[in-house]
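A.B. asks:
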Amino acid sequence: DAGITQSPRHKVTETGTPVTLRCHQTENHRYMYWYRQDPGHGLRLIHYSYGVKDTDKGEVSDGYSVSRSKTEDFLLTLESATSSQTSVYFCAISEGQKRGRPYGYTFGSGTRLTVV
Amino acid sequence: GEDVEQSLFLSVREGDSSVINCTYTDSSSTYLYWYKQEPGAGLQLLTYIFSNMDMKQDQRLTVLLNKKDKHLSLRIADTQTGDSAIYFCAESGGSASKIIFGSGTRLSIRP
């Protein structure tokens, strides 16, 4: 989607290695999110950020950390990858809740991560 | 806690109407959303409805909201092969700027 890019698009890594996924936006949106998508589970929130250096945990944050040192970049790190972290990871951005109008997300195209 | 539920699969014949249903738990939701995900792509916002509305129509799409029963539906008229996708129901789950997604309904089209 225009204004938000994820890298890499595909990655295969070995169990126990660290992995960092990057989300980059050009929309200057305040909020950024990392989700994972697995069959039967839909989208589950890992971490999100509501500003530079301001982050919070989602429902499945164990084994993941994030950093946001600039408005445009939100990094997701798997400190020591496990096979259960094989998934498709989506980044999303949002302007946030504003009176009188919705704040739908804009999603990136996803990163397919395989941990072997 | 906040939860959004929808059935996993729906199969319809080309040209028929598709109806995808969703239930949610958070009565404080301000907006409810339908997102569409095509194969290999991220989610795209399809339509949304404000919680004080009962119905919203947008070309072939009709969204119905029953706030009393916390039930949301998406009707796609004259379903085409290009409508094959996963459809996610979502709500603005009370806390600021977080959206809660359902598990998605995979819509397949029969000739």
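Here the protein sequences come in this chain order: F and E.
Here the first sequence stands for residues -6 to 109, numbered as in our numbering.
Here the second sequence stands for residues 999 to 1109, numbered as in our numbering.
Positions of the beta carbon are idealized from the N, C-alpha and C atoms, including for glycine.
1) What does the Cβ neighbour count give for M111 of chain F, buried or exposed, with the cut at 16 atoms within 10 Å?
2) From which residue to which residue does the beta strand (DSSP E) around E1003 of chain E run?
3) Taking only runs that begin and end inside the segment 31 to 64 of chain F, name each unbroken alpha helix (DSSP H) of 4 or more residues, in chain order.
4) Tell me the DSSP secondary structure of P11 of chain F in three-state form.
5) If the cut is a Cβ gap below 7 Å, which residues of chain F does I1018 of chain E touch?
6) For D1056 of chain E, does the three-state DSSP call read helix, strand or coil?
7) Evaluate K46 of chain F with the Cβ neighbour count: other Cβ atoms within 10 Å of its Cβ, from every protein chain shown; 16 or more gives buried, anything less gives exposed.
8) Counting only C-beta atoms, is L38 of chain F closer than 9 Å to chain E at any point?
9) Counting along the chain, where does the beta strand (DSSP E) carrying Q(-1) of chain F start and finish?
10) Could you tell me the distance, in whole angstroms, from the CA atom of S1015 of chain E to the CA atom of S62 of chain F?
11) Counting only beta-carbon atoms, is F1099 of chain E nearer than 9 Å to chain F?
12) To the nearest angstrom, how far is the alpha carbon of L1072 of chain E from that of R1108 of chain E?
13) Under the rule that 16 or more other beta-carbon atoms within 10 Å means buried, what is Q(-1) of chain F, buried or exposed?
14) Can you give the Cα-Cα distance for E1003 of chain E and S1101 of chain E, rounded to whole angstroms?
15) My understanding is that L974 of chain E touches D1052 of chain E, with C-beta atoms under 8 Å, so please give their C-beta distance in whole angstroms.
16) How big is the Cα-Cα spacing for Q1035 of chain E and L1006 of chain E?
17) L38 of chain F and K1096 of chain E: beta carbons closer than 9 Å?
18) On a Cα-Cα basis, can you pick out the residue from E:I1074, E:A1088, E:I1098, E:E1089 that is closest to R1011 of chain E?
19) Using a Cβ cut-off of 9 Å (strictly closer), state whether A1083 of chain E contacts chain F.
20) Find out if the Cβ-Cβ distance for the pair L1105 of chain E, S1009 of chain E is shorter than 9 Å.
21) Per DSSP, what kind of secondary structure is S1026 of chain E in: helix, strand or coil?
C.D. replies: Quick answer:
1) Outside the shown range of chain F, which is -6 to 109, sits residue 111 of chain F, and nothing can be said about it.
2) Here residue 1003 of chain E refers to the residue found at position 5 of the second sequence. 1002 to 1004 is the span of the beta strand (DSSP E), which, as asked, contains E1003 of chain E.
3) none
4) To locate residue 11 of chain F, count along the first sequence from 1; it is residue 18. In this structure, P11 of chain F counts as coil in the three-state DSSP scheme.
5) Start at 1 with the first residue of the second sequence, and residue 1018 of chain E comes out as number 20. Those within 7 Å of I1018 of chain E in chain F number zero; the least Cβ separation is about 14 Å.
6) For the purposes of this step, residue 1056 of chain E is taken as residue 58 along the second sequence, with counting starting at 1. Reduced to three states, the DSSP call for D1056 of chain E is strand.
7) As a position in the first sequence, residue 46 of chain F is number 53, starting the count at 1. Classification for K46 of chain F: exposed.
8) On the first sequence, position 45 is the one that residue 38 of chain F refers to. Chain E contact via Cβ: present.
9) Indexing the first sequence from 1 puts residue -1 of chain F at position 6. That run of the beta strand (DSSP E) goes -3 to 0.
10) In the second sequence, the residue the question calls residue 1015 of chain E occupies position 17. In the first sequence, the residue the question calls residue 62 of chain F occupies position 69. CA-CA distance, S1015 of chain E to S62 of chain F, rounds to 48 Å.
11) Working through the second sequence from its first residue, we reach residue 1099 of chain E at position 101. With 9 Å as the cut-off, F1099 of chain E counts as an interface residue toward chain F.
12) Stepping through the second sequence from its first residue, residue 1072 of chain E is reached at position 74. Stepping through the second sequence from its first residue, residue 1108 of chain E is reached at position 110. Distance between the alpha carbons of L1072 of chain E and R1108 of chain E is about 19 Å.
13) Residue -1 of chain F sits at position 6 when you count from the first residue of the first sequence. Its Cβ being crowded by 16 or more others within 10 Å, Q(-1) of chain F is buried.
14) Walking along the second sequence from the start, residue 1003 of chain E turns up at place 5. Walking along the second sequence from the start, residue 1101 of chain E turns up at place 103. E1003 of chain E and S1101 of chain E: Cα-Cα distance of roughly 7 Å.
15) There is no way to answer for residue 974 of chain E, as the model of chain E reaches only from 999 to 1109.
16) Walking along the second sequence from the start, residue 1035 of chain E turns up at place 37. Walking along the second sequence from the start, residue 1006 of chain E turns up at place 8. Take the alpha-carbon of Q1035 of chain E and the one of L1006 of chain E: they are about 14 Å apart.
17) Working through the first sequence from its first residue, we reach residue 38 of chain F at position 45. Working through the second sequence from its first residue, we reach residue 1096 of chain E at position 98. Result yes, Cβ atoms of L38 of chain F and K1096 of chain E sit closer than 9 Å.
18) Counting from one through the second sequence, the residue named residue 1011 of chain E turns up at place 13. Cα-wise, what sits closest to R1011 of chain E is E:I1074.
19) On the second sequence, residue 1083 of chain E is found 85 positions in, with the first residue counted as 1. Answer no: the Cβ-Cβ gap between A1083 of chain E and chain F never drops below 9 Å.
20) Here the question's residue 1105 of chain E lines up with position 107 in the second sequence. Here the question's residue 1009 of chain E lines up with position 11 in the second sequence. If you check the CB distance, L1105 of chain E and S1009 of chain E come in under 9 Å.
21) Position 28 of the second sequence, counted from the start, is the residue given in the question as residue 1026 of chain E. Coil.
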